[in-house]
DNA sequence: TCGATTTTTGTAATCGATTACATCTTGTCA
DNA sequence: TGACAAGATGTAATCGATTACAAAAATCGA
């Protein structure tokens, strides 16, 4: 019975409120959208009717008429990765402040899921799109860009596209990581990669190589293990690492998860960190400080990344003329924690 | 310039396609929605026009006319917790299969964020709502239930509400956890709680007490530390734990994160796990197997939980008559890993 | 108090689809 | 071949808001 009451409440339309208040629908609409355009007396009248009836405007109708949905799509590679959870928090907070909503589209690491979001975007569901997967989603012969909706790339810039991006200093960070390891005396380095071809991966690997080189290491001093940004990739790299004769003593994971997977695997094999091997990650996720020892890593300003991206898309959605290829690059912070230390060679000589 | 071409593509309406194909808008609509109702020749004609023009129906207009959005809202306490990420994957997969979309509404552990989702729901944005926060969101004097939209609770049942729920056997699981610890010889137990008042927390704590009692322990053998389902709660509990004179030897965290926080903190304090203290968690998140030692925990079938919840809401949205208070309870699995072992007392006698 | 100006309100068109109903084809069978 | 049913298509109403434009009311100065 209370059930049916709710139902009835749900059916209130603007016309009902207008009748109740003795005004036209136009006036009701104005009271709700532009109160300053209506006489205080009328305003009170209408607001009272709104309250009495429990009216809430139908946003679908409004969206149709105004041709905007006040909603932004955020495409992420996956939801399980806490990196994106943090970025999304920043986006959400920022967009909410401006009255926008956010729809999260997870690709679940599966490229054919792009189709769905292409369709939704093409069907005018969103006023803007935030891309965190480093590419413009497509479906068959159709691309999301056909929708003519503003887009902004976060986390990973999109090559060959005139799209503003908000990213971190991946290259510089990885360079610093390599230098950090070499500075500790490590002469043979390992690199656990992200997915080959991925923009971020490319940047980080290049940076790492550059850093090693700048620190005086030859290219062959760096071993690269093919991986992805997940725990399992680190474990796989460890398997390969363990059966090397001349093992690297400093290993850098292109993500915290892969570094943690590596860490776990080599410790299970009896190696000590950082005494035998130093390990570094990239991301600065919360987990990273709960492994043992706490993971040395490059911390991304994830929340701020999301905020900045959101501000960028808000700008794109408001003003028409845009540079449309601006790029913001936020700095990283090297968190020197427990998994990195002096190289065994250096350490023993020190101890002697 | 290509820009303007996209723009123009975007403006195609059903009337344009109809003109191009030389039929009425009704026919175009039917070709797209109910192809069997249209002659093959006409069908081909229209499809060709659709392809040539790059037409995609405007879903906002469609939603208005059909009075459904084919979208479900999923309210989660927060996004950072991987538990919800996994549940959401299950939901997403299942809903997508049925042509539904999902909007994720994160409360970010902040109750006043409920208002936003209440408004969206009241404004007819969703055909159904999945609640994972154990309560029906409200905003001022308005409740989400007024929208008259089907709702299903996942993860945490909602007390005193006629809402179907899909949960796990929290109570039975925690009971088993307590028995497991006592079975290993632990006579003093610790319990790191979730937020007091939370449905899940209540279930788990009751279960834990019951288990301890059934195993022959008096109530006072169980110490409860007030906490939340996050790392920091475990660390706080550890601080309290460390300054007890007669410490528990078996500690159960109501979440993996709190257990991991505890683990980290007591190991930093020099205690050995499981030799000095056994630790258990609840959730079975991926990270739990990467700490050292791997965390013994109760694994939730998170993905399946999401799937089941999605199926339930799909049912609620299709058929009108519903039991509306059915409850599905999925079983947990005790993963016996490295953080639990014989109690010190028991172990030393064994070794002797 | 009157007319001009400004504010407030109302009427009706509009957003872009779906769909009830009417109309026109096509097909079947005597 | 013609009558009738079944099938395909078209016309126009509809979903529920916003808003351009017109009309009415309030304000103001002389």
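Protein chains in written order, with the numbering used here: chain A, 19 to 370; chain B, 19 to 370. Built from N, CA and C at the ideal position, the CB exists for glycine as well. Remember, predicted model here, so these are calculated numbers, not experimental data.
Can you list the residues of chain A that residue 76 of chain B reaches, using a CB-CB cut of under 7 Å? Sequence index remark: in the second chain, residue 76 of chain B carries index 58 (1-based). Chain A residues near residue 76 of chain B: 141 and 142.
Please go through the same chain and pick out, in chain order, the residues whose beta-carbon is closer than 6 Å to the beta-carbon of residue 126 of chain B, but skip the five residues on each side of it. Residue mapping note: residue 126 of chain B aligns to position 108 of the second chain, counting from 1. Taken in chain order, the residues that qualify are 96.
For the beta strand (DSSP E) that residue 274 of chain B lies in, which residues bound it at each end? On the second chain, position 256 is the one that residue 274 of chain B refers to. Run containing residue 274 of chain B: none in the beta strand (DSSP E); it sits in the alpha helix (DSSP H), 274-286.
Start-end ranges of the beta strand (DSSP E) lying completely within the region 111-180 of chain B, minimum 3 residues: 119-124, 146-149 and 169-172
So, does the CB of residue 25 of chain A fall closer than 8 Å to a CB anywhere in chain B? Counting from 1 along the first chain, the entry for residue 25 of chain A is found at position 7. Its pLDDT being 38, under 50, residue 25 of chain A is placed unreliably by the model, and the measurement read from it follows with that caveat. Taking Cβ atoms only, chain B reaches closer than 8 Å to residue 25 of chain A, which makes this a yes.
Counting pairs of Cβ atoms below 8 Å between the region 310-327 of chain B and the region 102-114 of chain B, do you hit three or more? The region 310-327 of chain B, when compared against the region 102-114 of chain B, does touch it at the 8 Å Cβ threshold.
Exposed or buried, which one is residue 55 of chain B when buried takes at least 16 other CB atoms within 10 Å? To locate residue 55 of chain B, count along the second chain from 1; it is residue 37. Around the Cβ of residue 55 of chain B, a 10 Å sphere holds fewer than 16 other Cβ atoms; the residue is exposed.
I want to know whether the region 348-362 of chain A touches the region 179-194 of chain A - three or more CB-CB distances under 8 Å. yes
Which residues DSSP lists as bridging residue 186 of chain B, in chain order: Residue mapping note: residue 186 of chain B aligns to position 168 of the second chain, counting from 1. Beta-bridge pairing links residue 186 of chain B to B/348.
Taking the continuous beta strand (DSSP E) assigned at residue 296 of chain B, which residues delimit it? Sequence index remark: in the second chain, residue 296 of chain B carries index 278 (1-based). Taken as a continuous stretch (DSSP letters only), the beta strand (DSSP E) holding residue 296 of chain B covers 296-301.
So which of B/74, B/180 and B/227 has the shortest CA-CA distance to residue 198 of chain B? Walking along the second chain from the start, residue 198 of chain B turns up at place 180. Restricting attention to B/74, B/180 and B/227, the CA atom closest to the CA of residue 198 of chain B is found in B/227.
Against chain A, does residue 114 of chain B count as a neighbour if the rule is that its beta carbon must be under 8 Å from one of theirs? Here residue 114 of chain B refers to the residue found at position 96 of the second chain. At least one chain A Cβ lies under 8 Å of residue 114 of chain B.
Can you give me the start and stop residues for the alpha helix (DSSP H) that residue 70 of chain A sits inside? Within the first chain, residue 70 of chain A is the residue found at index 52, counting from 1. For residue 70 of chain A, the uninterrupted alpha helix (DSSP H) run begins and ends at 58-71, by DSSP.
Would you list, in chain order, the members of the region 291-317 of chain A that have their beta-carbon closer than 9 Å to a beta-carbon of chain B? For chain B, the residues of the region 291-317 of chain A that bring a beta carbon within less than 9 Å of one of its beta carbons are 304, 305, 307, 308, 309, 310 and 312, in chain order.
With a threshold of 8 Å between beta carbons, is residue 107 of chain A in contact with chain B? Translated into the one-based positions of the first chain, residue 107 of chain A becomes position 89. Chain B contact via Cβ: present.
Closer than 8 Å, CB to CB, is residue 344 of chain A near chain B or not? For the purposes of this step, residue 344 of chain A is identified with residue 326 of the first chain, where counting begins at 1. No, its Cβ sits nowhere closer than 8 Å to a Cβ of chain B.
Distance, residue 264 of chain A Cα to residue 236 of chain A Cα: In the first chain, the residue the question calls residue 236 of chain A occupies position 218. In the first chain, the residue the question calls residue 264 of chain A occupies position 246. Answer to the nearest angstrom: the Cα atoms are 15 Å apart.
Under a Cβ-count criterion, where at least 16 other Cβ atoms within 10 Å of its own Cβ denotes burial, should residue 173 of chain B be classed as buried or exposed? Looking up residue 173 of chain B in the second chain gives position 155. So residue 173 of chain B ends up on the buried side.
How about residue 347 of chain B and residue 185 of chain B: do their beta carbons lie closer than 8 Å? In the second chain, the residue the question calls residue 347 of chain B occupies position 329. In the second chain, the residue the question calls residue 185 of chain B occupies position 167. By the CB criterion at 8 Å, residue 347 of chain B and residue 185 of chain B fall inside the cutoff.
Chain-ordered chain B contacts of residue 183 of chain A [CB-CB under 9 Å]: The count along the first chain starts at 1 and reaches residue 183 of chain A at position 165. Chain B residues near residue 183 of chain A: none, gap ~18 Å exceeds 9 Å.
Positions along the region 248-268 of chain B whose CB lies within less than 7 Å of some CB in chain A: 249
Can you tell me whether residue 19 of chain B is buried or exposed, with buried defined as 16 or more other CB within 10 angstroms of its CB? Position 1 of the second chain holds residue 19 of chain B. Summary for residue 19 of chain B: the model assigns pLDDT 33, below 50, so the residue's position carries little reliability; its value from the coordinates is reported in the next sentence. Its Cβ having fewer than 16 others within 10 Å, residue 19 of chain B is exposed.
Contact criterion: CB-CB distance below 8 Å. Does residue 91 of chain B meet it with respect to chain A? Numbered from 1 along the second chain, position 73 holds the residue referred to as residue 91 of chain B. Chain A, which has no Cβ nearer than 8 Å to the Cβ of residue 91 of chain B, makes this no.
Please list the residues of the region 53-70 of chain B that have a C-beta atom closer than 8 Å to any C-beta atom in chain A, keeping them in chain order. none
Spatial neighbours of residue 23 of chain B in its chain, beta-carbon cut-off 8 Å, leaving aside the 5 residues before and after: In the second chain, counting from the first residue as 1, residue 23 of chain B sits at position 5. Bear in mind that a pLDDT of 32 at residue 23 of chain B, under 50, signals an unreliable position, so the number given afterwards is only what the model happens to contain. Taken in chain order, the list of residues that qualify is empty.
Where does residue 315 of chain B sit, in a helix, a strand or coil, going by DSSP? To locate residue 315 of chain B, count along the second chain from 1; it is residue 297. Three-state result, residue 315 of chain B: strand.
Where residue 209 of chain A falls: helix, strand or coil (DSSP): Here residue 209 of chain A refers to the residue found at position 191 when the first chain is read from its first residue. Reduced to three states, the DSSP call for residue 209 of chain A is strand.
Enumerate in chain order the residues of its own chain whose CB-to-CB distance from residue 244 of chain A is below 6 Å, with the five nearest sequence positions on each side excluded. Numbered from its first residue, the first chain carries residue 244 of chain A at position 226. Within the same chain, residue 244 of chain A has close Cβ partners 211.
Residues in the same chain with beta-carbon distance under 6 Å from residue 86 of chain A, minus the five sequence neighbours each way, listed in chain order, please. Position 68 of the first chain, counted from the start, is the residue given in the question as residue 86 of chain A. The residues are 145.
Are the C-beta atoms of residue 178 of chain A and some chain B residue less than 8 Å apart? In the first chain, the residue the question calls residue 178 of chain A occupies position 160. Chain B contact via Cβ: absent.
Leaving out five residues on either side along the sequence, give the residues of the same chain with a beta carbon under 6 Å from the beta carbon of residue 32 of chain A. In the first chain, the residue the question calls residue 32 of chain A occupies position 14. Closer than 6 Å at Cβ, skipping near neighbours: 43 and 46.
Cβ closer than 9 Å: which chain A residues qualify as neighbours of residue 138 of chain B? In the second chain, the residue the question calls residue 138 of chain B occupies position 120. Result: 77 and 119.
According to DSSP, is residue 220 of chain B helix, strand or coil? Looking up residue 220 of chain B in the second chain gives position 202. Reduced to three states, the DSSP call for residue 220 of chain B is helix.
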